[in-house]
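Participant:
There are 2 protein chains.
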Amino acid sequence: MRISALFAAAAVLVLAAPAVAQDLAAGAAQARDRALADPTAWAIAESLTTEVGPRMTGSPAMELGRDWAVAKFRELGFTNVRVESFTTPAWFRGPESAEVVGPVPQKLHILGLGNSASTPKGGLTAEIALFTSWQAFLDQPEGSLKGKIAVVTQRMPKNQDGSGYGFVNAQRTLGPREAAKRGAVGYLVRSLSTDDTRLPHTGNAQAAGIPAAALSTPDAELLERLVARGKPVRVKLDMQSTSNPKAKAYNIVGEIRGTERPDEVIVIGGHLDSWDPGTGAVDDAAGIAITTAAAKLVGAMGAPKRTLRVVMWGSEEQGGSSGAYLAANRAEVPKMVVAGESDSGAGRVFAVALPAGSRAHPAMKAFEAALVPLNVVVSREPPRFGGADIAGITSAGAPFVDFSQDMSRYFDLHHAADDTLDKIDPAELSQNVAVWASFLYTVANSDIDFRAFPKEAK
Amino acid sequence: MRISALFAAAAVLVLAAPAVAQDLAAGAAQARDRALADPTAWAIAESLTTEVGPRMTGSPAMELGRDWAVAKFRELGFTNVRVESFTTPAWFRGPESAEVVGPVPQKLHILGLGNSASTPKGGLTAEIALFTSWQAFLDQPEGSLKGKIAVVTQRMPKNQDGSGYGFVNAQRTLGPREAAKRGAVGYLVRSLSTDDTRLPHTGNAQAAGIPAAALSTPDAELLERLVARGKPVRVKLDMQSTSNPKAKAYNIVGEIRGTERPDEVIVIGGHLDSWDPGTGAVDDAAGIAITTAAAKLVGAMGAPKRTLRVVMWGSEEQGGSSGAYLAANRAEVPKMVVAGESDSGAGRVFAVALPAGSRAHPAMKAFEAALVPLNVVVSREPPRFGGADIAGITSAGAPFVDFSQDMSRYFDLHHAADDTLDKIDPAELSQNVAVWASFLYTVANSDIDFRAFPKEAK
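Chains as they are written, first to last, in this note's numbering: chain V, 2 to 459; chain U, 2 to 459.
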């Protein structure tokens with residue numbers, strides 16, 4: 002076993018370090034190795050996707066999800082299990098269809114975007130104005146797309162670090178509004194997808210008062226080919242949806258209380274809500290599973306000195322849980338040791354970004370040593386963004402980490418019907434748990450203060 | 002260019018052969034090299050999938066397809082273009098949905114199978130009886146599944162030669178009838194798919210008087226996990242369909258007439274009809290494109306001695322075109338030189354099977370020499386099955402060939418919404434055209450008689 006051999010080598014190096022550091026290094030390594038053999042994360046993801054399924058904010062399934070979360074925390078031995086309720090706007094998909102009606106009838110595979118308006122009953126039919134580049138679309142003057150359905154088909158790059166999503170994200174989130182500004186009566190965007198399946202990928206967009214949907218990639222390419230023939234292409238959209246400006250939502254919390262300094266809290270988690278077409282497996286049953294399993298495992302190694310808190314945030318996709326979490330916990334932010342979020346799927350971690358200046362601290366040295374057999378490196382840069390659900394508390398001053406996962410396949414699945422359990426590799430999931438468990442062990446059992454380091458140091 | 006270098010080497014070897022063989026070898030090589038640079042096949046597949054789309058037997062789209070075929074043959078310079086009409090039973094999909102209603106509500110992604118019955122209006126709800134093996138299902142006694150929806154989830158193996166399909170095909174084609182025998186009120190089968198997308202794969206089944214559908218692979222696995230929990234799993238099916246016992250269908254024919262022996266006919270083609278969820282790209286716009294482009298190319302090299310006939314068969318998926326073609330052309334079978342069908346997608350050819358004993362004939366030696374740079378070998382076995390649409394004429398005595406394509410990805414796409422143009426690799430498509438063009442050249446410009454060889458010889 003290559004991993005064991007490398008671990009042995011790391012253990013030898015640690016022998017020269019002081020006693021506390023030795024304990025941390027041994028504990029981090031033990032947490033890692035236990036995690037690699039622990040089926041808990043897989044069982045959590047399996048349970049959530051099978052017994053609850055998709056979980057839209059404000060839906061009956063989310064009520065079921067909330068109850069699942071409370072029961073799962075209790076079953077795994079977490080304490081102080083509680084539900085922090087809030088309200089947030091929520092959008093709900095209704096019946097949707099789209100088709101080319103001329104020059105030749107062809108069905109289109111679409112998914113409405115969050116905040117899409119409904120079409121008139123019976124649908125709307127209009128000629129399309131298609132742009133293969135986002136910039137070419139933005140270059141159109143106001144009013145120039147009057148009566149048209151605007152279509153943007155720029156492709157999404159596939160990158161290991163998932164950065165392609167950032168490049169094209171505006172096409173979905175801002176596209177409907179930009180289309181409406183230019184007079185369009187509807188908006189279709191090529192799915193933000195790196196796969197070639199005929200399944201569209203949904204996601205949120207700013208409300209724009211017009212119907213807006215994602216096309217599957219083959220359908221976007223079909224429209225490009227039809228337009229290339231030079232004749233007007235007419236599309237019929239029929240989309241019905243509803244919304245609730247004050248939907249009930251929930252952040253669900255479970256803790257493993259610290260023995261020495263219980264008021265010093267490490268906040269980690271993933272988001273419980275999901276889009277509706279899949280079963281929210283990689284987005285984000287995986288993150289729920291990884292962080293919950295890691296905290297449970299560290300707790301099982303002996304009560305930690307500081308408190309480990311796992312939060313299952315309740316409205317990441319349509320927004321709300323980050324602000325609600327900050328509002329409910331603002332007074333506690335100064336005592337939050339560090340925050341971290343797992344919301345990049347189930348691919349293996351390849352790098353961790355630690356708060357500036359912390360790398361040389363014995364706790365982080367112990368963590369770094371434990372990472373070597375996992376083929377994970379410590380990034381030379383500090384984290385820039387820890388995750389959407391911790392954005393509230395980190396903007397209020399909570400230190401944070403960011404663990405980079407291999408997202409090569411993530412955007413094949415993200416927000417699509419393909420986001421199902423079978424896409425999670427149990428070994429890669431365990432590797433994530435190993436990284437988080439090692440990290441939690443060293444932070445919860447040391448006195449590291451991430452606020453104490455000079456910002457410029459590396 | 003590796004191909005050119007190898008061709009040069011092959012050309013040198015041919016110099017030692019008699020003059021006719023030399024001409025055949027040079028012609029076969031020339032046909033191959035022209036094909037590799039010829040965009041005609043891609044243009045045909047692009048046109049059919051874009052301008053016609055899916056083409057179910059008996060549908061309005063098939064009328065459009067028929068007109069497309071006639072126009073395309075004429076545009077490409079084929080003569081004797083004609084439509085051979087016939088009638089055949091056809092099934093038409095209506096609205097379909099399926100969901101788990103207990104123990105937890107979850108949507109299921111299904112596609113009804115050809116010849117499926119409709120459910121009662123408003124649907125039917127029943128407990129499922131799930132079998133992870135086809136044999137375990139068959140082992141159930143008659144009447145034992147009374148009132149249940151039978152579910153079979155055995156997986157399909159992925160093989161380069163596509164042979165996995167044969168192993169599991171009965172689950173789809175015979176499953177509904179076997180379920181009805183045992184008293185089931187419905188039948189669900191894991192899609193005959195080698196992919197993990199949430200798109201189900203349809204296909205024909207024997208009529209059984211009960212509703213029958215294919216589940217996407219993630220949905221089949223979801224049902225397995227729910228059943229594993231030990232509580233009854235109830236599913237609601239709502240499927241409406243119609244059928245026409247005498248739907249109009251068409252085999253469309255185009256020819257390049259031979260100059261010396263025009264009554265000696267080489268019959269090749271693919272099928273024009275397709276299932277409805279995709280746009281019938283790999284199944285079988287590819288076959289139409291490959292054979293049409295190959296015949297056109299050989300015709301463009303100078304009129305061949307024998308007649309090249311391309312048939313776009315009009316009802317392969319639901320059956321009928323093979324028998325209709327035989328009935329309309331029976332008298333001519335004794336003069337058919339050879340028949341071949343391209344209906345295995347657009348993956349590259351890796352082997353060709355030639356009629357027993359023919360390999361040593363100068364025409365086939367010329368063909369084999371042309372194949373070397375394409376990395377195609379001549380099979381040691383004669384062809385066992387040439388294709389569903391030529392089964393009529395081959396059973397009546399027409400010699401036939403079988404070209405084996407790499408089908409590794411074919412059953413990811415087959416009969417699913419994913420069967421779209423973007424799945425065809427233009428270079429692999431051209432490699433197919435090169436194989437067919439080389440073959441057609443040697444047969445059409447020689448006197449080879451595939452009936453003349455002793456059956457036992459290799």
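Ideal Cβ positions, reconstructed from N, Cα and C, are used throughout, including at glycine.
Taking the alpha carbon of residue 335 of chain U as the point to measure from, which residue in U:240, U:446, U:223, U:267 has its own alpha carbon closest?
Facilitator: Counted from its first residue, the second sequence places residue 335 of chain U at position 334. Out of U:240, U:446, U:223, U:267, U:267 has the C-alpha closest to the C-alpha of residue 335 of chain U.
Participant: Are residue 127 of chain V and residue 150 of chain V close, meaning C-beta to C-beta below 7 Å?
Facilitator: As a working note, residue 127 of chain V is residue 126 in the first sequence. As a working note, residue 150 of chain V is residue 149 in the first sequence. It is a contact, given that the beta carbons lie within the stated cut-off.
Participant: Return the CA-CA distance between residue 369 of chain V and residue 39 of chain V, expressed in angstroms with no decimal places.
Facilitator: Taking the first sequence and counting its residues from 1, the one referred to as residue 369 of chain V is at position 368. Taking the first sequence and counting its residues from 1, the one referred to as residue 39 of chain V is at position 38. Residue 369 of chain V and residue 39 of chain V: Cα-Cα distance of roughly 21 Å.
Participant: With a threshold of 7 Å between beta carbons, is residue 128 of chain V in contact with chain C?
Facilitator: No chain C is present in this structure, whose protein chains are V and U.
Participant: Can you tell which of V:342, V:35, V:51, V:22 has its C-alpha closest to the C-alpha of residue 423 of chain V?
Facilitator: Locating residue 423 of chain V in the first sequence gives position 422, counting from the first residue. Closest by alpha carbon: V:51.
Participant: Classify residue 452 of chain U: buried if its beta carbon has 16 or more other beta carbons within 10 angstroms, exposed otherwise.
Facilitator: As a working mapping, residue 452 of chain U is identified with position 451 in the second sequence. With fewer than 16 other Cβ atoms within 10 Å, it is exposed.
Participant: What residue range is occupied by the uninterrupted beta strand (DSSP E) comprising residue 314 of chain V?
Facilitator: In the first sequence, counting from the first residue as 1, residue 314 of chain V sits at position 313. Its beta strand (DSSP E) spans residues 307 to 314.
Participant: Report yes if the CB atom of residue 389 of chain U is closer than 7 Å to the CB atom of residue 318 of chain U, and no otherwise.
Facilitator: The sequence position of residue 389 of chain U within the second sequence is 388, counting from 1. The sequence position of residue 318 of chain U within the second sequence is 317, counting from 1. No; because the gap between Cβ atoms is not below 7 Å, this pair is not in contact.
Participant: Between which two residues does the beta strand (DSSP E) carrying residue 39 of chain V extend?
Facilitator: The residue you call residue 39 of chain V lines up with position 38 of the first sequence. Looking at the DSSP string, residue 39 of chain V is not in any beta strand (DSSP E), and its letter there is neither H nor E.
Participant: Pull up the CB-CB distance for residue 32 of chain V and residue 439 of chain V, whole angstroms please, since I reckon it's below 8 Å.
Facilitator: Along the first sequence, one-based indexing puts residue 32 of chain V at 31. Along the first sequence, one-based indexing puts residue 439 of chain V at 438. About 5 Å separates the two Cβ atoms, so the contact holds.
Participant: Work out the CA separation of residue 235 of chain U and residue 296 of chain U for me, nearest whole Å.
Facilitator: Indexing the second sequence from 1 puts residue 296 of chain U at position 295. Indexing the second sequence from 1 puts residue 235 of chain U at position 234. Computed Cα separation, rounded: 54 Å.
Participant: Comparing the C-beta of residue 54 of chain U with each C-beta of chain V, is any distance below 7 Å?
Facilitator: As a working mapping, residue 54 of chain U is identified with position 53 in the second sequence. Cβ-Cβ to chain V under 7 Å: yes for residue 54 of chain U.
Participant: DSSP three-state call for residue 380 of chain U: helix, strand or coil?
Facilitator: Translated into positions along the second sequence, residue 380 of chain U becomes position 379. DSSP, reduced to helix, strand and coil, places residue 380 of chain U outside both helices and strands of the structure shown, so it counts as coil.
Participant: Output the distance between the C-alpha atoms of residue 103 of chain V and residue 46 of chain V, rounded to the nearest integer angstrom.
Facilitator: Reading the first sequence from its first residue, position 102 is the one you call residue 103 of chain V. Reading the first sequence from its first residue, position 45 is the one you call residue 46 of chain V. Roughly 45 Å between the two C-alpha positions.
Participant: Report the residue from U:164, U:179, U:136 whose alpha carbon sits nearest the alpha carbon of residue 143 of chain U.
Facilitator: To locate residue 143 of chain U, count along the second sequence from 1; it is residue 142. Checking every option, the nearest Cα to that of residue 143 of chain U belongs to U:179.
Participant: Would you call the segment 336 to 353 of chain V and the segment 370 to 384 of chain V in contact, with 3 or more CB pairs under 8 Å?
Facilitator: yes
Participant: Whose C-beta lies closer than 7 Å to the C-beta of residue 256 of chain V among residues of the same chain, with five residues either side of it excluded?
Facilitator: Working through the first sequence from its first residue, we reach residue 256 of chain V at position 255. Hits under 7 Å: 79, 80, 81, 308, 309, 310.
Participant: Considering residue 177 of chain V, what are the terminal residues of the beta strand (DSSP E) in which it resides?
Facilitator: Position 176 of the first sequence holds residue 177 of chain V. Where residue 177 of chain V is concerned, there is no enclosing beta strand (DSSP E), although the alpha helix (DSSP H) it sits in stretches over 176 to 182.
Participant: For the segment 410 to 426 of chain V and the segment 358 to 365 of chain V, state whether three or more C-beta atom pairs, one from each stretch, are separated by less than 8 Å.
Facilitator: no
Participant: Less than 7 Å between CB atoms is the rule here; does residue 421 of chain U satisfy it with respect to chain V?
Facilitator: By one-based count along the second sequence, residue 421 of chain U stands at place 420. Answer yes: the Cβ-Cβ gap between residue 421 of chain U and chain V drops below 7 Å somewhere.
Participant: Mind checking the segment 412 to 436 of chain V against chain U and listing, in chain order, the residues whose C-beta falls within less than 9 Å of any C-beta there?
Facilitator: 417, 418, 419, 420, 421, 422, 423, 424
Participant: Please state if the CB of residue 443 of chain V and the CB of residue 463 of chain V are separated by a distance shorter than 7 Å.
Facilitator: No statement about residue 463 of chain V is possible, as the shown extent of chain V runs from 2 to 459 and does not include it.
Participant: Could you name the residues of chain V that residue 198 of chain U contacts, counting a contact when the two beta carbons are closer than 7 Å?
Facilitator: As a first step, residue 198 of chain U must be located in the second sequence, where it is residue number 197. Residues of chain V passing the Cβ test: 198, 200, 419.
Participant: Are the C-beta of residue 222 of chain U and some C-beta of chain V separated by less than 7 Å?
Facilitator: For the purposes of this step, residue 222 of chain U is taken as residue 221 along the second sequence, with counting starting at 1. Closer than 7 Å to some Cβ of chain V, the Cβ of residue 222 of chain U qualifies, so yes.
Participant: Just the C-alpha distance for residue 70 of chain U and residue 60 of chain U, rounded to the nearest angstrom, thanks.
Facilitator: Position 69 of the second sequence, counting from 1, holds the residue named residue 70 of chain U. Position 59 of the second sequence, counting from 1, holds the residue named residue 60 of chain U. Cα-Cα distance, rounded: 15 Å.
Participant: What span of residues does the beta strand (DSSP E) with residue 440 of chain U cover, start to end?
Facilitator: Mapped onto the second sequence, residue 440 of chain U falls at position 439. Looking at the DSSP string, residue 440 of chain U is not in any beta strand (DSSP E); the run it does join, the alpha helix (DSSP H), is 427 to 445.
Participant: Considering only C-alpha positions, which residue in the set U:240, U:349, U:42, U:197 is nearest to residue 223 of chain U?
Facilitator: Translated into positions along the second sequence, residue 223 of chain U becomes position 222. The residue with the shortest Cα to Cα distance from residue 223 of chain U is U:197.
Participant: If you check the beta carbons only, do residue 397 of chain U and residue 327 of chain U fall under 7 Å apart?
Facilitator: The sequence position of residue 397 of chain U within the second sequence is 396, counting from 1. The sequence position of residue 327 of chain U within the second sequence is 326, counting from 1. Yes, Cβ-Cβ distance for residue 397 of chain U and residue 327 of chain U is below 7 Å.
Participant: Taking 7 Å as the cut-off, decide whether the C-beta atoms of residue 408 of chain U and residue 341 of chain U are in contact.
Facilitator: Within the second sequence, numbered from 1, the residue matching residue 408 of chain U stands at position 407. Within the second sequence, numbered from 1, the residue matching residue 341 of chain U stands at position 340. Not closer than 7 Å, so no.
Participant: Determine the closest residue to residue 289 of chain V out of V:37, V:67, V:34, with distance taken between C-alpha atoms.
Facilitator: Taking the first residue of the first sequence as position 1, residue 289 of chain V is located at position 288. That would be V:67, whose Cα lies nearest to the Cα of residue 289 of chain V.
Participant: Could you check how far apart the C-beta atoms of residue 213 of chain U and residue 117 of chain U are, in whole angstroms? I think they sit under 8 Å.
Facilitator: Locating residue 213 of chain U in the second sequence gives position 212, where the first residue counts as 1. Locating residue 117 of chain U in the second sequence gives position 116, where the first residue counts as 1. The Cβ separation is near 4 Å, so the contact holds.
Participant: For residue 193 of chain U versus residue 169 of chain U, is the C-beta spacing smaller than 7 Å?
Facilitator: To locate residue 193 of chain U, count along the second sequence from 1; it is residue 192. To locate residue 169 of chain U, count along the second sequence from 1; it is residue 168. Yes.
Participant: Assuming residue 185 of chain U and residue 211 of chain U are in contact, meaning their beta carbons sit under 8 Å apart, how far apart are those beta carbons, in whole angstroms?
Facilitator: Within the second sequence, numbered from 1, the residue matching residue 185 of chain U stands at position 184. Within the second sequence, numbered from 1, the residue matching residue 211 of chain U stands at position 210. 6 Å between Cβ atoms; contact.
Participant: Distance check for residue 161 of chain U and residue 206 of chain V, CA to CA, integer angstroms please.
Facilitator: On the first sequence, residue 206 of chain V is found 205 positions in, with the first residue counted as 1. On the second sequence, residue 161 of chain U is found 160 positions in, with the first residue counted as 1. If I take the Cα positions, the gap works out to 43 Å.
Participant: Taking 7 Å as the threshold (C-beta atoms), are residue 152 of chain V and residue 176 of chain V in contact?
Facilitator: Counted from its first residue, the first sequence places residue 176 of chain V at position 175. Counted from its first residue, the first sequence places residue 152 of chain V at position 151. Contact flag unset, no.
Participant: For residue 310 of chain U and chain V, any beta-carbon pair shorter than 7 Å?
Facilitator: The sequence position of residue 310 of chain U within the second sequence is 309, counting from 1. False, the Cβ-Cβ gap to chain V never drops below 7 Å.
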